[in-house]
Amino acid sequence: MTKKSIQTFAAGMILATGVLAIVFFLTGKDEAAADTTTKETLAAKVTDTDVKNYLDSKKEVSISRETYQQLLDYKEKALKTNEDGDSKDKQTTEKPKGKSIKFVIKNGMSTSDVSDMLEKDGIINSSKDFNDYVVDAGYHKEIRAGKFNLKTGMTFKQIVKALTK
Numbered sequence: 374m375t376k377k378s379i380q381t382f383a384a385g386m387i388l389a390t391g392v393l394a395i396v397f398f399l400t401g402k403d404e405a406a407a408d409t410t411t412k413e414t415l416a417a418k419v420t421d422t423d424v425k426n427y428l429d430s431k432k433e434v435s436i437s438r439e440t441y442q443q444l445l446d447y448k449e450k451a452l453k454t455n456e457d458g459d460s461k462d463k464q465t466t467e468k469p470k471g472k473s474i475k476f477v478i479k480n481g482m483s484t485s486d487v488s489d490m491l492e493k494d495g496i497i498n499s500s501k502d503f504n505d506y507v508v509d510a511g512y513h514k515e516i517r518a519g520k521f522n523l524k525t526g527m528t529f530k531q532i533v534k535a536l537t538k
């Protein structure tokens with residue numbers, strides 16, 4: 374490199390630094406601060422009333438996890454009561470209640486696969502309901518592979534308890 378090219382490079386660096394300094398000092402710092410405060414004030418402006426009005430407009434409701442779990446338990450109990458009230462003809466075609474069934478979960482099976490197998494084996498009546506229960510209750514990551522002794526007529530809660538041991 375020659376002396377002339379080094380001087381030209383240095384002059385370019387000084388010029389670029391000067392341009393950046395001018396741009397920095399001429400643009401207002403208040404604009405950037407105003408953007409963040411605007412976002413903060415927007416977040417602070419959403420109130421419980423706004424949320425309730427939004428849910429009302431969509432014809433939706435908000436409930437706590439505890440209430441949701443109670444509703445799922447009630448639904449399960451109602452389904453079980455409905456099964457007990459079915460006619461004797463239907464009971465003879467199904468497996469008798471309390472019959473022990475050996476159930477195997479292999480590595481890599483999804484909760485949907487497990488639900489389908491439970492329905493096929495006659496342990497539960499609806500794989501969709503069981504799968505929804507497992508996912509909503511947060512047990513979908515806790516079900517383990519292995520061999521399990523399950524009985525027909527078990528509640529969803531009892532099945533999950535057995536599969537998560």
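Each residue of the sequence shown is one higher than the one before, counting from 374 in the working numbering.
Note that beta-carbon positions come from the ideal geometry of N, C-alpha and C, so glycine has one too.
Looking at the structure shown, is Lys-468 part of a helix, part of a strand, or coil, going by DSSP?
Start at 1 with the first residue of the sequence shown, and residue 468 comes out as number 95. Reliability fails at Lys-468, whose pLDDT of 48 lies under 50, so the model's placement of it is uncertain and no value is given.
Would you kindly work out how many angstroms separate the C-alpha atoms of Tyr-427 and Asp-421, rounded to a whole number?
Within the sequence shown, numbered from 1, the residue matching residue 427 stands at position 54. Within the sequence shown, numbered from 1, the residue matching residue 421 stands at position 48. Computed Cα separation, rounded: 10 Å.
Grouping DSSP H, G and I as helix and E and B as strand, with all else coil, what is Gly-511?
Stepping through the sequence shown from its first residue, residue 511 is reached at position 138. If DSSP states are grouped into helix, strand and coil, Gly-511 belongs with coil.
Since Ser-378 is in the alpha helix (DSSP H), which residue starts that stretch and which ends it?
Here residue 378 is taken as the residue at index 5 of the sequence shown, counted from 1. Element bounds for Ser-378: 376-399.
Can you tell me whether DSSP reads Lys-448 as helix, strand or coil?
For the purposes of this step, residue 448 is identified with residue 75 of the sequence shown, where counting begins at 1. Reduced to three states, the DSSP call for Lys-448 is helix.
Check Ser-473 in the structure and name its three-state DSSP category.
Numbered from its first residue, the sequence shown carries residue 473 at position 100. Strand, per DSSP.
Tell me, which residues are paired with Ile-478 by DSSP?
In the sequence shown, the residue the question calls residue 478 occupies position 105. Gly-519.
Who are the near neighbours of Gly-519 in its chain, counting only those whose CB is closer than 8 Å to its CB and skipping five residues on each side?
Looking up residue 519 in the sequence shown gives position 146. The residues are Val-477 and Ile-478.
Tell me which residues share the same chain as Gln-442 and place their Cβ nearer than 7 Å to its Cβ, disregarding the 5 neighbours each side in the sequence.
One-based indexing of the sequence shown puts residue 442 at position 69. Answer for Gln-442: Ala-510, listed in chain order.
Leaving out five residues before and five after Ile-350 in sequence, what residues of the same chain have Cβ atoms less than 8 Å from its Cβ?
This structure cannot settle anything about residue 350, because the visible part of the chain is limited to 374 through 538.
Given that a residue counts as buried once 16 or more other Cβ atoms are within 10 Å of its Cβ, and exposed if not, what is Tyr-447?
Mapped onto the sequence shown, residue 447 falls at position 74. Its Cβ having fewer than 16 others within 10 Å, Tyr-447 is exposed.
Give me the Cα-Cα distance between Leu-388 and Met-374, rounded to the nearest whole angstrom.
Position 15 of the sequence shown holds residue 388. Position 1 of the sequence shown holds residue 374. So the two alpha carbons sit approximately 21 Å from each other.
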